[in-house]
Structure formats: structure tokens, C-alpha cells
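Asks: Dropping the structure in here first, questions after.
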Amino acid sequence: MVQLPKSLLIIIAVVFAFIVFGSRFYQSVPAGHVAVATLFGKVQATPFNEGLHVPVNPLYQWHFYDVRQKTHSETSNVPSQDQLQTKIDVSVQYRLVGVQTPSILKETGSIAQVLSVHIVPKLRSTIREQGKTIKRAEDFFLEETQNNLQVALLSGLKDYLAPKGVEVDAVLIRDIT
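Residue 186 is where the sequence shown starts when you use this note's numbering, and the numbers rise one by one after that.
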């Protein structure tokens, strides 16, 4: 029987491990994204920024978050104090905060869930609240009213969403009918 040198056995074991686990020893995170790893359901506290990460635990499960700026548009019927409905089209420009993605995964889930659980309900609620402060429906067409509405929406959304890992950049009123 032929005795193989110890160094050759180590090389064979490493090659075998790479064949068995393949790409599980590294993770590539695309530009504008952050990856969050979980190990047996436990969320790892440190997110992985864009780029190549070597070595990584081959048992990690990966969750990717797009942290680039996005826009959500919403059309709402808003009642004023004179009980007339005004249709307002609002756009919210936002992005996820990369360092908070582990808590986002743990507490909310995916980006779609962040949108449906936090952003949309708060936006609708804040629009209705602000509409109640307008005396007449015609006042929605005044530039001052629109500016006040944008400022109030931006402030309300920023205060509510910042602790949840969402940074709101702007709130724009696109159309009023």
C-alpha cells in the first residue's frame, strides 16, 4: 500500500470540501444591496455590505435587501373639515438603512413587508390626519397648503420610520383633483 504525504492528504481534503460545499464558503453581495445571514433561524447581528466576502459560514442562509432609493406612490381620498373628498397623489422617496437590516429581518421581514406593514399604513393615516386640519376642500389647491402638507407628511413619516430602519428622503405631492 502506498503511503501518501500528509500535505497531499490536506490538499485532497480541502479540494473535496470545496467540491462538496462549492460556493458556500463565499458570498457575493451585489452593488446597492446588503445581505443578512441567518444560522438555524438566528439572525446574525452584522450585515454584509456589497462585495465579496470570504470565508463565510457554509451553513448560513442569506437574505438580500436593496438599499438603493425607491419611490412609493399612493392615491388617497382625503376628507377636509367641510366633509368633501379630495384625491391626492403622493410619492414617498425612501431607502432602507443598511446597518439596520438585521433588525428589519427580525422584526418585519422583507422589503415588501416593510412597505405593506409600516410605510403604506403610516402614509395613509398621516394624509387623513392632515386632511382634517384643512377647512375647505378648495384649500388643497393653495401652494401654502400643499407645502404644509408635504412638510407634515415628511416629518411624520421620518419620525415613525427611522427607528424601523427606513430613511425617508422626500414626500412629494404630485397631483390634486
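Using N, Cα and C, we set each Cβ at its ideal position, and we do this for glycine too.
Whose C-beta lies closer than 6 Å to the C-beta of His248 among residues of the same chain, with five residues either side of it excluded?
Replies: Closer than 6 Å at the Cβ level, and outside the excluded window around His248, lie Val221 and Leu290.
Asks: What residue range does the beta strand (DSSP E) around Val275 cover?
Replies: Gln270 to Leu281 is the span of the beta strand (DSSP E), which, as asked, contains Val275.
Asks: What did DSSP end up calling Thr318 once you bin it into helix, strand or coil?
Replies: It is coil, neither helix nor strand.
Asks: Which residues bound the alpha helix (DSSP H) around Asp344?
Replies: That run of the alpha helix (DSSP H) goes Glu328 to Leu346.
Asks: Sort out for me which residues DSSP pairs Gln229 with in a bridge.
Replies: Gln229 is not bridged to any residue.
Asks: Quick check: the Cα distance between Ser288 and Val299, rounded to an integer number of angstroms?
Replies: Roughly 12 Å between the two C-alpha positions.
Asks: My parser needs the beta strand (DSSP E) runs of 3 or more residues fully inside the region 239-267; what are they?
Replies: Entirely contained in the region 239-267, the beta strand (DSSP E) runs reaching 3 residues are, in chain order, 246-251 and 255-264.
Asks: Report yes if the C-beta distance between Val353 and Tyr245 is below 8 Å; otherwise report no.
Replies: No; because the gap between Cβ atoms is not below 8 Å, this pair is not in contact.
Asks: Count the C-beta pairs between the region 313-323 and the region 266-281 that are closer than 8 Å, then say yes if the count reaches three, no if not.
Replies: Touching, yes, given that three or more Cβ pairs across the two stretches are closer than 8 Å.
Asks: At the level of alpha carbons, what is the spacing between Asn242 and Lys307?
Replies: One C-alpha to the other measures close to 38 Å.
Asks: Thr293 and His303: beta carbons closer than 8 Å?
Replies: A contact, by the Cβ cut-off of 8 Å.
Asks: Take the Cβ of Leu193 as the centre, count every other Cβ of all protein chains shown within 10 Å, and call the residue buried at 16 or more, exposed below.
Replies: By the 10 Å Cβ count, Leu193 comes out exposed.
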